[in-house]
Every structure is written in C-alpha cells, then in structure tokens.
Ligand code: HEM
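Residue numbers (our numbering): 13 to 530.
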C-alpha cells in the first residue's frame with residue numbers, strides 16, 4: 013500500500029509540475045497573437061519544395077482561389093509568403109531596404125556580376141550605383157545615343173539601330189523563313205552592345221565578347237540560385253569569362269582615357285560616374301555594372317520582342333493597326349526614325365505592353381523580410397508576416413487577375429487605350445512586368461525604344477507570316493521566354509518560323525502590302 017501511495021504521489025507531483033510549468037509559461041509567454049497567413053498544404057519537409065520546383069505558377073493558380081491573395085509555402089527550412097495583386101503588394105514594392113531587402117535573395121548574381129557591385133555591396137553603395145544607371149538611361153541620354161549613332165553612321169536622321177537592322181536583315185533576302193526567336197536574340201545583343209558596351213565591342217570585339225557573355229549566361233543555372241559557387245564546369249567557365257571580360261573592358265577604358273576620347277554609350281557614363289564622396293568608379297565596377305545592365309536588359313527585351321511578333325502575327329487586326337500607324341508616321345516624317353518618332357508609336361507601344369503583360373520574363377520577384385509587418389487583403393482579412401519570411405510576388409500570375417483585366421488570357425492591346433486603361437483603374441501595382449516602386453525597372457524606356465525600333469523596321473520592310481504553331485512558354489528558363497531551340501535552324505522542332513517578303517521602305521507609304529503565304 014505504502015509503495016502504491018508513494019507511486020501515486022510521485023505521479024501527482026509530476027502532473028502538477030507539468031500543469032504549473034504550463035501555466036507559468038502561459039503567463040510569462042502569452043500565446044502568439046499573430047494572425048499568420050494560411051499555409052499551402054503539402055507533405056512535411058520537402059512537400060512545398062517539390063510543388064514549387066515543379067512549377068511555381070501552377071502552384072499559384074491552384075492555391076490562390078483556395079487561400080486568397082496572401083499565403084505561405086514551406087520550403088524545407090524557409091517560408092515564402094506570396095502577395096498577389098495590387099491590394100496587398102504595396103508594401104512589397106514600397107518597403108525600405110531595411111524592412112524588405114533584395115541582397116540575400118539575389119545573392120546568386122554576385123559571381124556573375126563580379127565583386128564590388130549591386131548585390132555584393134551595401135545598400136547605400138548599391139543606391140549610388142543605381143543612380144549611375146538612372147543617369148545613363150535618362151531621356152536626354154537615350155536621345156544622345158541616337159544622335160551619336162546617327163552621326164557615326166553618317167546616315168542623316170536614321171536611327172543607327174535601324175542601320176544595324178538594315179545590315180542585319182539584308183541577309184534575310186527577299187523571301188524565306190527565319191527563326192524569329194534566334195534572330196531577335198541576336199539583334200538585341202547587337203544593338204545592346206552598341207548602346208551599352210560601346211563602339212569598340214560592337215565593331216571589333218563583338219564575337220569574343222558575345223562568346224564570353226554566353227559563358228556567363230550558361231553559368232547561371234537553377235542550381236546556381238542555391239549554390240552559386242558549386243565547383244561545376246559551368247561555374248568555372250562563368251568565372252573565367254568574368255575575368256576575361258574584366259581584362260577586355262579594362263583595356264578599352266584605359267585606351268579611351270589615354271586618347272582623351274569620350275563616347276555616347278553606357279560605358280562612358282559609368283567611366284564618368286562618381287560616388288558622393290568623389291570617388292570614381294573602378295574598372296572592375298564598370299565591368300560589373302555593364303554585365304548587370306546586359307543581364308537585366310538583354311533576354312528580357314529579346315523575349316518581349318519575340319512575343320510581340322508572335323501575337324501581332326496571330327492577331328491580324330492588331331497587325332493591321334500597327335502597320336497603319338507606321339504608314340501614318342512615314343506620311344508625316346518620311347523615312348526618318350528617331351527617339352521622338354518612336355515615342356509617337358502608341359499603338360505599337362500598347363501591343364508590346366500587352367505581350368509583356370501576358371509574358372513577363374521575370375515571373376517571380378523576391379525580397380527577404382527583416383521586420384514584422386501586417387497586411388489587409390481585398391476581402392478584409394488581416395495577416396501578420398513575421399520577419400524572416402521570404403516575401404514574393406509574381407508578375408506572371410498577378411498580371412492576369414480577372415478582377416483587374418477583362419478576359420485576362422486574351423491578347424487585347426486596346427485594354428490600355430484611353431478610356432479603358434485597365435492597368436490604372438485598379439491603382440498602382442496592377443501591371444508589374446517591370447516591377448514597381450522602390451526597385452522598379454530603370455531600363456523600361458530603353459527597352460521600349462529598342463523593341464519599338466526593331467518592330468518599326470520589320471513592319472516597314474517586311475511582310476511577315478507565322479509559319480510555325482504559336483510558340484509555347486519555356487518555363488524552365490531562368491528568364492522565362494519562348495520555347496524553341498533558338499539555334500537558327502528553321503527546320504528544328506519547336507522553332508518559331510516566319511516567312512518574309514521584303515518591301516522597300518519608300519514604297520510602303522502609299523502601297524498595298526504584298527502578302528506572301530506558304
Ligand atoms: C522588357 C525588358 C525588361 C523587363 C521586363 C524588365 C523587368 C524588370 C523588373 C521586373 C525589375 C524589378 C526587379 C525586382 O523588383 O526585384 C527590373 C529591375 C531593373 N531593371 Fe529591368 N527589365 C527590362 C529591361 C531592362 C533594361 C534594358 C535595363 C538596363 C539597360 C534594365 C535595368 C534594370 C535595373 C538596373 C533594375 C534594378 C532597379 C532597382 O533595383 O532599383 N532593365 N527590371
């Protein structure tokens with residue numbers, strides 16, 4: 013009996029201790045009152061990761077109707093909280109770097125861009141470097157690039173980009189088939205090289221520099237996001253290419269400096285840029301900033317050019333409208349194309365913008381949260397987001413929200429026309445192909461200028477027909493674009509072909525187009 017009592021007492025003591033401990037802990041540490049967002053249901057540990065890697069947009073499409081505009085996915089030891097739609101994403105776009113930062117989530121760019129630039133430096137330095145971008149891409153600079161190019165080429169009042177196009181497209185001949193994806197990729201590198209990297213690269217070193225950029229490109233793989241320094245051949249080639257590019261730009265910079273030569277390009281802007289304390293940029297920083305500019309602007313613009321073409325050729329009413337616009341502008345200005353004339357191409361602008369709404373090449377934007385914050389959804393729910401979460405939004409998903417865009421999956425450039433302006437009606441951050449707010453794209457005007465110049469030239473000079481099926485989306489690419497081999501071989505499966513017939517610019521103004529259909 014004694015033994016039983018003893019056992020009983022010990023048991024009671026243990027239970028009482030647990031209860032008291034629990035009570036004390038409840039008193040000292042009250043239950044979290046945080047209203048956390050709903051979490052995507054998945055298998056423990058790697059469940060969310062598998063779904064995320066299989067296709068983040070598919071995951072968003074499935075979960076948004078169930079969970080609403082704010083929800084979390086657990087990825088192994090990280091939590092990603094999504095903010096979908098303008099009603100909830102203001103903080104994402106407007107928050108200060110100390111609250112929501114890019115540095116950690118975009119760290120994988122560091123070995124590509126190189127040391128001392130962008131995500132390898134503190135925000136205060138990065139801000140200054142973005143100021144160099146802003147200055148290099150101001151309207152007066154864009155205009156002066158154009159004028160300088162014109163003077164160089166000794167073609168009065170014809171955009172040099174277009175004379176590049178002239179040379180480039182002359183190899184197309186009078187008719188035939190081309191792989192549009194491949195051709196536009198190539199053309200964008202040519203024009204970006206001239207405007208950004210400078211005349212020396214474009215005229216003398218184009219092949220070498222393109223090959224090195226190719227190695228940089230191929231060194232940025234999905235695995236690089238998690239392990240940017242993994243010792244794999246692609247990373248080794250990337251590192252060698254980065255070193256070689258630094259040597260090439262160093263030699264260009266010193267020869268410009270020795271000759272006291274100044275050019276109208278982004279390279280020159282970066283050479284002349286100075287930090288607030290008066291320090292000039294180093295050669296290594298200049299190289300890194302140029303690489304960053306090309307990485308930000310090259311694939312994004314070539315992909316957008318290709319989608320624009322695909323949609324125009326599929327939707328004849330919009331193709332007629334942009335051709336008509338070119339005819340009117342030619343009636344008004346003759347063959348001349350310059351910055352201001354490109355700015356008059358509103359119909360073409362809307363057609364590009366709509367292609368970009370449906371296919372933003374950067375499908376996911378990320379930040380790392382350093383402080384707690386709250387958000388209120390359109391339905392009136394309030395959630396608290398703890399610091400430590402990765403926060404994300406998705407242009408590819410948010411640009412197609414049906415409460416913002418009528419028939420969101422339909423290509424309809426007129427949705428941006430005066431009177432409709434669907435992207436403005438729902439307020440800021442309804443159209444986020446270029447991001448927005450604090451880190452909105454600095455190259456947007458440059459990108460439109462470049463894409464308009466290409467399409468203006470094509471529309472004025474060629475009659476085009478889509479020969480292949482409408483292209484598919486290549487979800488596997490880091491910058492999401494058009495599926496296809498992109499090697500220029502028009503017979504290859506999945507290539508995106510056109511049949512073209514050349515038309516003389518002079519004749520176009522008053523001329524009926526010759527349609528050539530296979
Ligand atoms: C169609 C073409 C382009 C698209 C769709 C695009 C898209 C974007 C997006 C979505 C962001 C925001 C990233 C974020 O919030 O995390 C961004 C930022 C940026 N873009 Fe672009 N971009 C394009 C062309 C260009 C070009 C041509 C340049 C430069 C020559 C450029 C330079 C930049 C820079 C420097 C930033 C960083 C701004 C900052 O963080 O303050 N982009 N771009």
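Yeah, the Cβ is synthetic: ideal placement off N, Cα and C, and Gly gets one too.
Collapsed DSSP secondary structure at residue 475 in the structure displayed: strand
Could you round the C-beta distance between residue 95 and residue 405 to whole angstroms and report it? I think they count as a contact, below 8 Å. 5 Å
Reduced DSSP category for residue 494 - H, G, I as helix; E, B as strand; rest coil: Residue state, collapsed to three classes: strand.
Please classify residue 124: does DSSP put it in a helix, a strand, or coil? helix
So does residue 373 have its beta carbon nearer than 7 Å to some heavy atom of the ligand HEM? yes
Compute every distance between the C-beta of residue 389 and the non-hydrogen atoms of the ligand FMN, then say whether any falls below 7 Å. What this structure holds is the ligand HEM, not the ligand FMN.
Just to confirm, does residue 459 get its C-beta within under 7 Å of one of the non-hydrogen atoms of the ligand HEM? yes
Is residue 382 near the ligand HEM, in the sense that its beta carbon is under 7 Å from a heavy atom of that ligand? no
What residues are listed by DSSP as bridge partners for residue 396? Residue 396 is bridged to 386.
So what's residue 188 in DSSP terms, helix, strand or just coil? strand
If you follow the beta strand (DSSP E) that residue 532 is part of, which residue opens it and which one closes it? It is not possible to answer for residue 532, since the shown part of the chain is limited to 13 through 530.
In chain order, what residues of the same chain lie with their CB nearer than 7 Å to the CB of residue 225, ignoring the 5 residues before and after it? 306
Could you check if residue 422 is buried or exposed, using at least 16 other CB atoms within 10 Å of its CB as the buried criterion? exposed
Could you tell me how far apart the beta carbons of residue 532 and residue 204 are, in whole angstroms, since I believe they sit closer than 8 Å? Here the chain covers residues 13 to 530 and nothing more, so residue 532 does not appear.
With 16 other CB atoms within 10 Å as the buried threshold, where does residue 162 fall? A caution first: residue 162 carries a pLDDT of 41, below 50, which makes its placement in the model too unreliable to give a value.
Find out if the Cβ-Cβ distance for the pair residue 299, residue 257 is shorter than 8 Å. yes
Of the residues 246, 457, 118, 283, the one placed nearest residue 263, counting alpha carbons only: 283
Reduced DSSP secondary structure (H/G/I, E/B, other) of residue 283: helix
Neighbourhood of residue 118 by C-beta, 6 Å cutoff - its chain only, sequence neighbours within 5 removed: 131
Rounded Cβ spacing between residue 317 and residue 444 (contact assumed at less than 8 Å): Contact flag wrong, Cβ pair sits at about 20 Å.
Go ahead and pull the three-state DSSP assignment for residue 525. In this prediction, residue 525 scores a pLDDT of 30, lower than 50, which makes its location untrustworthy; no coordinate-derived value is stated.
Is the beta carbon of residue 308 within less than 7 Å of some heavy atom of the ligand HEM? yes
Indicate whether residue 424 and residue 366 have their beta-carbon atoms separated by less than 8 Å. yes
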